[in-house]
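Sequences listed follow chains A and B, in order. Here the first sequence is numbered in the numbering used here, starting from 200 and rising by one per residue. Here the second sequence is numbered in the numbering used here, starting from 200 and rising by one per residue. Take a look at the structure below.
Protein chains: 2
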Amino acid sequence: MMAHPAEPARYTGSGKLRPEEQIYREMLGAILDRRLEPGMKLVEEDLAKTFGVSRARIRSAFLQLAHDKLINLVPNRGAFIAEPGINEAIEVFSARRMIEDGVVRKVTTHMTPDRATQIRDHLAAEHQAQHDGDHRARIILSGEFHLLLARLAGNLVIEEFLERLILRSSLIIAMYESPLPPDCSHDEHDALLAALTGGDPDAAAACMARHLDAIRDRLQLDHRKPGKTDFARIFGRHPDKAAG
Amino acid sequence: MMAHPAEPARYTGSGKLRPEEQIYREMLGAILDRRLEPGMKLVEEDLAKTFGVSRARIRSAFLQLAHDKLINLVPNRGAFIAEPGINEAIEVFSARRMIEDGVVRKVTTHMTPDRATQIRDHLAAEHQAQHDGDHRARIILSGEFHLLLARLAGNLVIEEFLERLILRSSLIIAMYESPLPPDCSHDEHDALLAALTGGDPDAAAACMARHLDAIRDRLQLDHRKPGKTDFARIFGRHPDKAAG
DNA sequence: GCACACAAAATTGTCAACAATCTACTGGCA
DNA sequence: TGCCAGTAGATTGTTGACAATTTTGTGTGC
């Protein structure tokens with residue numbers, strides 16, 4: 200009769216627990232890798248056959264992805280990979296600035312040797328990926344750096360929100376990144392570590408603000424990468440304002 | 200062949216568009232009014248019969264509520280009204296401090312006469328509710344005040360997140376509010392208006408921080424209101440550490 | 001009397017068929 | 001030819017029945 204909330208059993212392991220979680224992750228990876236391109240339609244039955252599951256499972260995964268704003272669910276029309284516009288991109292990074300400002304302040308004022316080590320270990324992994332030329336790992340680790348800080352801030356609410364925001368950022372970056380990314384993110388992360396352990400919250404917050412602005416400014420928000428199905432851009436025409 | 204994202208058709212009107220949205224709102228209201236008490240189990244079929252819809256609809260509403268952290272979805276066990284603990288309460292208000300700090304700064308620096316009027320109009324409604332002794336309207340309007348500020352900050356990402364956070368806050372307040380709430384929230388909102396139009400972002404941010412801390416401190420986090428089904432508290436015993 | 005195993009009931013999870021909707025195509029008409 | 005209505009196909013939305021699981025109830029042995 201008493202409610203036992205218990206934990207929602209969210210095994211994040213790569214194992215085969217919860218098929219729909221597995222599907223969610225596969226699709227997530229495909230979207231962030233641009234194997235599924237922005238605007239592309241996702242047909243339920245095709246995916247169901249591909250993954251060997253029922254349509255209901257696909258639908259459930261859609262709900263999660265839509266919740267993360269990685270796909271658009273249009274009633275009676277279906278699911279489409281999200282196409283965040285310039286405005287949305289700016290708002291996402293603006294939101295991150297607001298939130299991560301508070302995060303770095305908290306982390307800075309509550310820094311401990313153990314936490315500093317955690318950050319340093321993570322940076323080492325980032326450098327390794329950079330050295331190996333592993334582009335995908337670099338992007339993932341780069342996002343997880345920010346997530347680590349949120350975790351260190353000790354606020355689960357913020358952590359969960361930032362996790363979603365980072366996914367959205369990843370899609371935006373995938374859409375708008377410049378062809379030859381200098382991607383000095385790891386350098387900026389180094390600078391952040393210095394600021395975080397420096398003990399000055401204002402300085403750390405400023406450093407994070409600069410970092411996020413830098414990521415945003417490295418984007419080419421007026422030149423989104425054309426996808427294979429993006430005929431409008433491929434042929435240099437816009438379907439709306441088309442003219443001989 | 201091209202995707203038309205379109206809008207997700209979120210009619211917020213009280214009409215009968217989208218039955219599951221209607222059900223979501225009904226349950227939401229019941230939870231925040233404590234007609235559905237924290238810890239209470241929600242049986243799908245009972246609700247389905249009550250609302251005259253299929254179980255699937257109820258299930259869909261559950262998903263939204265779980266997403267807002269207003270209910271817990273436990274696999275194979277069912278749905279339970281959330282029981283945010285002390286820790287969670289603190290984290291929610293801490294998160295709001297971080298976010299609304301940025302919000303009020305942005306609103307302050309971009310204040311216009313029109314926006315000030317919008318805020319003033321809202322405060323008038325709050326005072327009216329206070330005068331009428333309409334407790335429910337006061338709580339709702341009090342939350343919407345913060346949401347208005349988020350909207351004025353012009354960031355949809357933040358706005359949506361804060362909306363959910365305010366719902367969570369409402370549940371927490373319903374659980375832990377002191378029996379005789381002085382609830383001078385509207386006075387504090389008056390002070391906020393002054394700070395927001397004062398042009399000093401730091402002052403406005405400090406004012407908001409004080410306000411949120413005050414809300415939190417008015418809670419009796421060590422004395423949650425017992426529900427009808429909360430036997431542990433009713434009988435002054437804890438099921439875990441039970442002893443003759 | 002208590003603990004355990006077993007059975008019955010209640011509840012949630014899943015799926016596959018059917019209905020509703022949208023898209024693409026065909027053919028007729030001006 | 002170009003436009004529009006009507007139709008066939010493809011896709012999404014919904015439901016009800018069935019399977020799996022948990023909870024409750026019962027009885028037996030110690």
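We put the beta carbon where it would ideally sit given N, CA and C, even for glycine.
ALA408 of chain A is positioned such that its CB atom lies no closer than 8 Å to that of ASP232 of chain A. Looking at the DSSP output, ILE270 of chain A sits in a beta bridge with A:ILE280. Only exposed fits GLU359 of chain B, as fewer than 16 other CB atoms lie within 10 angstroms of its CB.
Secondary structure at LYS240 of chain B: strand, using DSSP grouped into helix, strand and coil.
Nearest C-alpha to THR316 of chain A among A:PHE344, A:ALA336, A:ASP331: A:PHE344.
For the set A:ARG314, A:GLY228, A:ALA260, the Cα lying nearest the Cα of LEU395 of chain A is the one of A:ARG314. Looking at B:LEU366, B:HIS309, B:HIS388, B:ASP333, the one whose alpha-carbon comes closest to that of LEU351 of chain B is B:HIS309.
Of A:LEU370, A:ALA349, A:ALA281, A:LYS240, the smallest CA-CA separation from LEU361 of chain A is found for A:ALA349.
With respect to MET297 of chain A, LEU264 of chain A sits apart: the two C-beta atoms are not nearer than 8 Å. Residues of the same chain with a CB within less than 7 Å of the CB of ILE285 of chain A, apart from the 5 flanking positions on each side, are LEU420 in chain order. Contact of ILE357 of chain A with chain B by beta-carbon distance below 7 Å involves ALA294, MET297. Chain-order list of chain A residues neighbouring LEU262 of chain B: LEU262, by C-beta distance under 8 Å. Non-local beta-carbon contacts of HIS388 of chain A in its own chain, meaning distances under 7 Å to residues more than five positions away in sequence, involve LEU322, GLU325, PHE344 in chain order. About 12 Å separates the beta carbons of LEU246 of chain A and ILE270 of chain A, which is beyond the 8 Å limit, so they are not a contact pair.
When B:ALA278, B:PRO237, B:ALA336 are compared, the shortest CA-CA separation from GLY426 of chain B is found for B:PRO237. In this structure, the alpha-carbon of ILE371 of chain B lies about 9 Å from that of VAL291 of chain B.
Within the same chain, and ignoring the five residues on either side of ALA281 of chain A in sequence, the residues whose Cβ sits closer than 7 Å to its Cβ are PRO237, LYS268, LEU269, ILE270, ASN271, LEU370.
In this model, GLY332 of chain A and CYS406 of chain A are separated by some 26 Å (Cα to Cα). Closer than 8 Å to the CB of HIS326 of chain B there is not a single CB belonging to chain A. Per DSSP, the unbroken alpha helix (DSSP H) holding LYS305 of chain B starts and ends at 285-308.
Residues of chain A with a Cβ closer than 8 Å to the Cβ of HIS266 of chain B are, in chain order, HIS266. Cβ contact annotation for PRO283 of chain B (same chain, cutoff 6 Å, sequence separation greater than five): ILE371, in chain order. Chain-order list of chain B residues neighbouring ASP300 of chain A: GLY301, by C-beta distance under 7 Å.
In the structure shown, LYS248 of chain A adopts helical secondary structure according to DSSP, grouped into three states.
Cβ contact annotation for ARG363 of chain B (same chain, cutoff 6 Å, sequence separation greater than five): ASP267, in chain order. For VAL306 of chain A, no Cβ of chain B is located within less than 8 Å of the residue's own Cβ. Contact check for THR307 of chain B against ALA403 of chain B passes: the beta carbons are separated by less than 8 Å. At a cut-off of 8 Å between beta carbons, VAL252 of chain B makes no contact with chain A. Using a 10 angstroms sphere on the CB of ALA288 of chain B, the tally of other CB atoms reaches 16 or more, which defines it as buried. Inter-residue distance for LEU366 of chain A and SER259 of chain B is about 24 Å (C-alpha atoms, whole angstroms). Contact with chain A is found for PHE360 of chain B, since one of that chain's Cβ atoms lies less than 8 Å from the residue's Cβ. Taking C-beta atoms under 8 Å as the contact rule, ILE222 of chain A and PHE250 of chain A qualify, at a distance of about 5 Å. Excluding five sequence positions before and after SER341 of chain A, the CB atoms of its chain that fall closer than 6 Å to its own CB belong to SER384, given in chain order.
An exposed status is given to LYS248 of chain B, since fewer than 16 other beta-carbon atoms sit within 10 Å of its beta-carbon.
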